[in-house]
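Accompanying notes for the structure given below.
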Amino acid sequence: ETGVTQSPTHLIKTRGQQVTLRCSSQSGHNTVSWYQQALGQGPQFIFQYYREEENGRGNFPPRFSGLQFPNYSSELNVNALELDDSALYLCASSLDRGQETQYFGPGTRLLVL
Amino acid sequence: DQQVKQNSPSLSVQEGRISILNCDYTNSMFDYFLWYKKYPAEGPTFLISISSIKDKNEDGRFTAFLNKSAKHLSLHIVPSQPGDSAVYFCAASAIRTGANNLFFGTGTRLTVIP
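Next up, the structure:
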């Protein structure tokens, strides 16, 4: 059984640019959540996708957007990058949106200069 | 507003002894609680969970405790091993609302000394 995978592992961008991060959910999982983890903090919920529809959103501006594809893989897009967007971006999948346990990928570390 | 808090940023324990990690929450809608372990350059790894209908859940060396009236949970690791050295996060969700998004604490770095 393949776990959650994310790409790329590291990324460097400059302020104002746009970035796309990718996530493949664990086999059989239809729900994907994205989290941002700033240095020294716990992960913060960005949004969740369930069967290709957004199923909840945290306190992040609209320049954070996402997609989920028919195979349940997902993308996180961030427009107009700011310095404070530098963080570890984590993707987690669960069997269903009502399933209690989420399983995390290794994350993408984004640095905005 | 931090709804889940881990007030101890670090903890050092001798190998073989008990490690106790603590977590407090404020939102009474939370009904499911999880502990994750995180090594550097890796994503959080699920360790153990506990539902609000229980006050204890045991899995090998790991036991999760929940005190609903105090809005407090803890993770006991017995006996502690050097491989347990990592950052531990507690997380909470309100499954009954139909959403399973997690609210995390800021983590406690556990160091197990050989």
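Residue numbers (our numbering), protein chains in the order written: chain A, -15 to 97; chain B, -13 to 100.
Each residue gets a CB set at the ideal place from its N, CA and C atoms; glycine is no exception.
Do residue i and residue j have their CB atoms nearer than 8 Å?
| i | j | result |
| --- | --- | --- |
| Arg35 of chain A | Asn14 of chain A | yes |
| Ala77 of chain B | Tyr25 of chain B | no |
| Ser35 of chain B | Leu20 of chain B | yes |
| Gly26 of chain A | Phe90 of chain B | yes |
| Lys23 of chain B | Thr31 of chain B | yes |
| Leu60 of chain A | Trp18 of chain A | yes |
| Cys75 of chain A | Gln10 of chain A | no |
| Thr92 of chain B | Leu7 of chain B | no |
| Leu96 of chain B | Val(-1) of chain B | yes |
| Asn86 of chain B | Ser8 of chain A | no |
| Ala64 of chain A | Arg47 of chain A | yes |
Return the residue from the list the options that minimises the CA-CA distance to residue i.
| i | options | result |
| --- | --- | --- |
| Asn(-7) of chain B | B:Val(-1), B:Cys9, B:Gln0, B:Glu1 | B:Cys9 |
| Gln32 of chain A | A:Thr(-7), A:Thr92, A:His(-6), A:Gly82 | A:Gly82 |
| Ser5 of chain B | B:Val(-10), B:Ile39, B:Leu61 | B:Leu61 |
| Phe88 of chain A | A:Leu5, A:Arg(-1), A:Val16 | A:Val16 |
| Asp68 of chain A | A:Glu84, A:Gly50, A:Val(-12), A:Arg93 | A:Arg93 |
| Gln(-12) of chain B | A:Gly12, A:Thr(-11), A:Ser77, A:Phe29 | A:Phe29 |
| Thr49 of chain B | B:Tyr74, B:Ile63, B:Val(-10) | B:Ile63 |
| Leu59 of chain B | B:Asp70, B:Asp45, B:Lys40 | B:Lys40 |
| Asn43 of chain A | A:Gln1, A:Gln20, A:Thr(-7) | A:Gln20 |
Would the beta-carbon of residue i be found less than 7 Å away from any heavy atom of the ligand MG?
| i | result |
| --- | --- |
| Ser9 of chain A | This structure lacks the ligand MG; in fact it carries no ligand of any kind. |
Considering only residues of the same chain and omitting the five flanking positions on each side of residue i, which have a CB-CB separation below 7 Å?
| i | result |
| --- | --- |
| Gln67 of chain B | Glu1, Val98 |
| Asp80 of chain A | Asn14, Thr15 |
| Gln52 of chain A | Val16, Tyr33, Glu36, Ser58 |
| Met15 of chain B | Ala80, Thr83 |
Check the DSSP bridge columns for residue i and list the partner residues they point to.
| i | result |
| --- | --- |
| Lys(-3) of chain A | A:Val96 |
| Ala78 of chain B | B:Phe19, B:Phe89 |
| Gln52 of chain A | A:Ser58 |
| Leu33 of chain B | Partner(s): none; Leu33 of chain B has no beta bridge. |
| Tyr73 of chain A | A:Gln20, A:Thr92 |
In terms of residues, what are the limits of the beta strand (DSSP E) holding residue i?
| i | result |
| --- | --- |
| Asn8 of chain B | 5 to 11 |
| Val16 of chain A | 15 to 21 |
| Gly89 of chain A | Run containing Gly89 of chain A: none; DSSP gives neither H nor E here. |
| Phe31 of chain A | 28 to 34 |
| Ser(-2) of chain B | -4 to 0 |
| Asp45 of chain B | 42 to 45 |
| Leu5 of chain A | 3 to 8 |
| Phe44 of chain A | Element bounds for Phe44 of chain A: n/a, residue is neither H nor E. |
Only counting the same chain, and skipping five residues up and downstream in sequence, which positions put a Cβ closer than 6 Å to that of residue i?
| i | result |
| --- | --- |
| Pro100 of chain B | Glu1, Pro68 |
| Leu97 of chain A | Thr(-2) |
| Tyr18 of chain B | Ser37, Ser79, Ile81 |
| Gly(-13) of chain A | Gln10 |
Short of 8 Å in beta carbon distance, which residues of its chain neighbour residue i, apart from the five on each side in sequence? Order them along the chain.
| i | result |
| --- | --- |
| Glu38 of chain A | Phe31, Gln32, Gly50 |
| Leu(-5) of chain A | Val3, Leu5, Thr92, Arg93, Leu94, Leu95 |
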